[in-house]
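Below is one structure, written out as structure tokens, with a few remarks after it.
Number of protein chains: 2
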Amino acid sequence: MSFTIQNALILVESGYETVAVQVVDNCISAIDPNLEPSGTVIDAKDKLLLPGFVNAHTHSSEMWQRGIIPPLPLELWIAELYDFTPLDTEQIYLSALGTAVETLLSGGTSVVDHLVLIPGQELETIAAAVRAYQEIGIRAFIGPLIQDESLTAGMPAGDTGIEHAAYIRSTQATLDLMKSAIEQFHDPEKGVNILLAPTGIQLCSDALFQGCIELSDRYNLCRHAHLLETPAQKQLAKEKYGYSAVEHLKQIGYLSPRTSLAHCVWLEESDIKIMAETGSTVVHNPLSNLRLGSGIAPILKYRQAGVNVSFGCDGAASNDGQDLLEAIKIGSILHNITDLDYRHWITPRQSVEMASLGGAKGLNATDEMGSLSVGKKADFVLYDLTSLSLLPRTDPIGLLVLGRPTNAVDSVWVNGKQIVAEGKVTTIDVDNLRRELFDRSEGPSKRQSPMVSEIESHYRQVMKLPGYS
Amino acid sequence: MSFTIQNALILVESGYETVAVQVVDNCISAIDPNLEPSGTVIDAKDKLLLPGFVNAHTHSSEMWQRGIIPPLPLELWIAELYDFTPLDTEQIYLSALGTAVETLLSGGTSVVDHLVLIPGQELETIAAAVRAYQEIGIRAFIGPLIQDESLTAGMPAGDTGIEHAAYIRSTQATLDLMKSAIEQFHDPEKGVNILLAPTGIQLCSDALFQGCIELSDRYNLCRHAHLLETPAQKQLAKEKYGYSAVEHLKQIGYLSPRTSLAHCVWLEESDIKIMAETGSTVVHNPLSNLRLGSGIAPILKYRQAGVNVSFGCDGAASNDGQDLLEAIKIGSILHNITDLDYRHWITPRQSVEMASLGGAKGLNATDEMGSLSVGKKADFVLYDLTSLSLLPRTDPIGLLVLGRPTNAVDSVWVNGKQIVAEGKVTTIDVDNLRRELFDRSEGPSKRQSPMVSEIESHYRQVMKLPGYS
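Chains as they are written, first to last, in this note's numbering: chain A, 770 to 1238; chain B, 770 to 1238.
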């Protein structure tokens, strides 16, 4: 199978160029202004062609609770999330589809799904997500969300000496589960990759991290986790280790060039140095960091230290959408207020590179994706430069990144297969997805989270907020 | 003319209610769950009805440069903006249309256009914007952007003792111009309101402010200005007055319940008190404040002090779009990182009130707009709750404010007239607008701003940035 995209505007070092791009057998075989077309010919006049972006951190099933959790910090927000996680595998399937649709229509061709598992139906959960991603055709990196400590252990104890219940599953059982997941689902050729993805230091023992390292080494898989998302987690790390969480992860060997870490809001200068030395990737989730009041990740410092940074939407209950262009925009301009010297600010071209090549790097996949390069997989996106939101014609990349692109994605190819055409996903029935999402939800309700009521006063106490009792 | 919207979901104190809303002669005449329909009947099943939002600060003609100005702080950004402002009145007309379309399709029914005037064609500029807004049917508040000091005066001098050229027009000539503009264009019944809108303390003499106060009193018009957008402006105010800009504006009598001030990023506690005492409104432009690295306006403090706050997109060259829902989202969640106590965070319902009633209050128009209330003008918006971006059905307001609504606006009425139906503007030909914007622009170019080169080293010097020469 081969095709040629003609008259496409692409980014080059010196500005822009109009070229033809040829795809043979799922890969880019040629890029040239004067290319003899072969195979199907697609006219990309007045369209911009970019490598696909990576939605480098999300939790697809949170879609079922987007918009409903009130303004709360992570530690209370997650309590409410868990209280109302009503999942069945069909819901998993539908929210994975929804996450994929929104990612594709905002320029993403890959998604990293830190997938919440239904207790007792763990492999079925993964199977449901795999089914969704394969049907729609997005490149999927699924990191089953595992932990071996119970949720309340994720909050600093302060001087309250709280005891935590044991987690529902032993560390070894979880590692066995991961081994089964890898053997059953990891299939890069079919666009499905399994990641080792312990939740983070707040809910995982060293034994779990070490088991994940071993599996990641044995099967050559990437590693993922949350890292220092909130002030409370920083405090917890101090309680748990007596020193920096980053230093600890380095010591146990979790950090590496195939490790990506979501959030990284509360790192110190010395931690940043470790991130650079180990070649680890920071996944920046600006919208969730604002929504949950987590803080501003020191992204300009990461970039100055040579740490690779990519963008994620984070789960839709803390964002509360899956529009990658929104995450890229806010994740770029947010940092201008952290450094008076505008020469350090992220330019739109740098944002695009972070979202594409940066995303690929964090998944140890720069050989295959992340740029428009001969030999790489054909994962790319055509943007319609006649969309009102991309007019007037000024600087297409500037307007794509800094503007509010709406109905701007015209076509998407993943692994050489076109899965979006004329702004519509062609591989699944989106109207049917909407009906399912509508029918399986009930509209406004007055719910109250018992767990939030239970832990709020402890949270206010350890965070030294007024009025706790 | 009368019509009835049936089965509309609306916000009420206790949650949501499904009602019918009746409109007679441009005004809401009844809201009731059990209303006998009269006139044309519109079915709003699975739709949310909200009062129209106010895009409370923008500069429509900046649309011509959106996406193209590199990451720069305001003082340098504006130099590049002015260098490439190529305006003719037809461009003014088109960018006013574009601004209106994007505002309407993101829930706005009113726009405050702090309108850049073409030198020598000032009244023609205003006429072009008025024509656009009347054609499309959005409620317009036009504040011709006036100043009486030249652009370089807007930067602190530091110890450089720079002299500034005289401005192109005398203070008196500018005030005469405003008088003509008011007499010629101010026509609230036809949806066009003129504001007195000196640029701000950085480019205006006391005489200009005082002349504006007098005109505003004589014609009963609202007042608008920029206020302390950047650290440089704070420094400038100290050089100019020796004390706070807010205190100065109070002393000369500019602050009032019909005064709205854009940005307000660098106010002190004592300034905030003055804003509250004088009943002045803060217009929050979060996206431009991030894009230009201006800082985070202390919005939670304003709210705690009882200062009215509304939202603006700011001009499209500093945002770089005109999506009001994006400004509302970011302008709400941004502040969660400024206060650990989540009980102070803005809730989605509060955001909606700020965007509607807060906007109306800043325009001294709460009698006529800002809420769904019997007797007020029929300025309202129907959102389609079956849009993928508003699914699954959770909390409609939470998802509208915190999510990424896309193609969510179904219908818009302004002054009782429907101007958006099924997601499309019905009063103008949007495809033709796109063609005009396309044809009148040229695509990627390598431009360099002479004025930025000229003033950059002075800027770096007064802001104490490294590497100036």
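Each residue gets a CB set at the ideal place from its N, CA and C atoms; glycine is no exception.
Which listed residue (the options) has its alpha carbon closest to that of residue i
i	options	result
A:L804	A:L964, A:V788, A:E831	A:V788
A:T868	A:D1089, A:V781, A:A934	A:D1089
B:L856	B:P839, B:M832, B:I838, B:G876	B:M832
B:G808	B:P802, B:K1070, B:D801, B:D794	B:D794
B:T1107	A:G1062, A:A1096, A:V1178, A:P1213	A:G1062
B:A1031	B:N1133, B:E1008, B:G1011, B:A1066	B:A1066
A:G1022	A:T1116, A:L997, A:K1007, A:Q979	A:Q979
A:C981	A:Q916, A:A1045, A:L1159	A:Q916
A:Y1012	A:E1223, A:S1039, A:Q1230	A:S1039
B:M1232	A:D1200, A:V1189, A:L1109	A:L1109
B:R1118	B:L1169, B:T1135, B:L1103	B:L1169
A:S1120	A:Q775, A:L819, A:D1153	A:L819
B:L873	B:K1193, B:E1016, B:F1207	B:K1193
B:V1256	B:T858, B:T827, B:G876	Missing from the structure shown is residue 1256 of chain B; chain B here goes from 770 to 1238 and no further.
A:I887	A:T858, A:R1216, A:L1202, A:R900	A:T858
B:I774	B:V810, B:V781, B:C796	B:V810
Beta carbon proximity, residue i to chain A, threshold 8 Å
i	result
B:K1215	yes
B:I837	yes
B:W1182	no
B:A834	Per the sequence shown, residue 834 of chain B should be read as Gln rather than Ala. At least one chain A Cβ lies under 8 Å of B:Q834.
B:P913	no
B:F1080	no
B:G1192	no
8 Å Cβ cutoff, residue i in contact with chain B
i	result
A:N1105	yes
A:P802	no
A:L1151	no
A:P840	yes
A:Y1111	yes
A:S1222	no
A:S1238	Reliability fails at A:S1238, whose pLDDT of 49 lies under 50, so the model's placement of it is uncertain and no value is given.
A:I1102	yes
A:R1060	yes
A:T1155	yes
A:A865	no
Neighbourhood of residue i by C-beta distance below 6 Å, restricted to the same chain and skipping five residues each side
i	result
A:D1148	G821, T878, M1138, V1183
A:K723	Outside the displayed range of chain A (770 to 1238) lies residue 723 of chain A, so it cannot be described from this structure.
A:H1113	L1069
B:Y1111	none
B:R835	A1085, A1086, D1089
Own chain residues within Cβ distance below 7 Å of residue i, not counting five before or after
i	result
B:S1238	Per-residue confidence for B:S1238 stands at a pLDDT of 49, beneath the threshold of 50, marking its modelled position as unreliable; no derived number is given.
A:R1186	This sequence places Lys at residue 1186 of chain A; Arg is not what is there. Excluding residues within five positions, the ones whose Cβ falls inside 7 Å are G906.
B:M1019	First, the residue type needs correcting, since residue 1019 of chain B is Lys and not Met in the sequence shown. Only I1043, T1047 meet the Cβ criterion.
B:I800	V788, V790, L1141, V1143
B:K814	N776
Sequence-distant residues of the same chain with beta carbon closer than 8 Å to residue i, five excluded per side
i	result
B:A1079	In the sequence on display, residue 1079 of chain B carries Ser and not Ala. Once the five neighbours on either side are set aside, the close Cβ partners of B:S1079 are V823, A825, S1029, T1050, V1051, V1052, H1053, M1123, A1124, G1127, G1128, K1130, G1131.
A:R1060	P840, S1087, N1088, D1089
A:A898	S829, I861, Y862, A865, D882, L884, A909, I911
B:S1025	R992, T1047, G1048, S1049
A:T984	Thr is not the amino acid found at residue 984 of chain A; the sequence shown has Leu there. Taken in chain order, the residues that qualify are L944, M947, K948, I951, L965, L990.
B:Y740	Nothing in the structure corresponds to residue 740 of chain B, since chain B is present only between 770 and 1238.
B:L977	I915, Q916, D917, T940, T943, L944, P967
Distance cut-off 7 Å: residue i Cβ against heavy atoms of the ligand FMN
i	result
B:K948	You won't find the ligand FMN in this model; it holds no ligand whatsoever.
Taking contact to mean at least 3 C-beta pairs separated by less than 8 Å, is the segment 916-929 of chain A in contact with the segment 878-898 of chain A? With contact defined as three or more Cβ pairs closer than 8 Å, the segment 916-929 of chain A and the segment 878-898 of chain A are not in contact.
Check whether the segment 936-956 of chain B and the segment 909-920 of chain B touch, using three or more Cβ-Cβ pairs below 8 Å as the test. Verdict: yes, contact present.
Spell out a yes or no on whether the segment 1161-1168 of chain A and the segment 838-845 of chain A are touching, meaning 3 or more CB-CB pairs, one atom from each, closer than 8 Å. Between the segment 1161-1168 of chain A and the segment 838-845 of chain A there are fewer than three inter-stretch CB-CB distances shorter than 8 Å, so the stretches are not counted as touching.
Does the segment 969-979 of chain A touch the segment 995-1003 of chain A, meaning 3 or more C-beta pairs lie closer than 8 Å? Output reads yes: the segment 969-979 of chain A touches the segment 995-1003 of chain A.
Going along the chain, which unbroken runs of the alpha helix (DSSP H) with 4 or more residues stay wholly within the segment 1183-1218 of chain A? As far as the segment 1183-1218 of chain A is concerned, its whole alpha helix (DSSP H) runs of at least 4 residues are 1199-1208.
Under 8 Å, with one C-beta from each stretch per pair, do the segment 1170-1183 of chain A and the segment 1094-1106 of chain A reach the 3-pair mark? Under the 8 Å Cβ criterion, the segment 1170-1183 of chain A counts as touching the segment 1094-1106 of chain A, having at least three qualifying pairs.
Any beta strand (DSSP E) of 3 or more consecutive residues that is wholly inside the segment 953-991 of chain B: Entirely contained in the segment 953-991 of chain B, the beta strand (DSSP E) runs reaching 3 residues are, in chain order, 961-963.
Return the chain-ordered ranges of every beta strand (DSSP E) run that is complete within the segment 1010-1091 of chain B and spans a minimum of 3 residues. Restricting attention to beta strand (DSSP E) runs no shorter than 3 residues, the segment 1010-1091 of chain B encloses them at 1028-1032, 1050-1053, 1077-1080, ordered along the chain.
Which runs of the beta strand (DSSP E) at least 3 residues long sit entirely within the segment 788-821 of chain A? Give them in chain order. The qualifying runs are 796-801, 809-812, 816-820.
Alpha helix (DSSP H) runs contained entirely in the segment 826-902 of chain B, provided each spans 4 or more residues: Here the runs fully enclosed are 843-852, 858-873.
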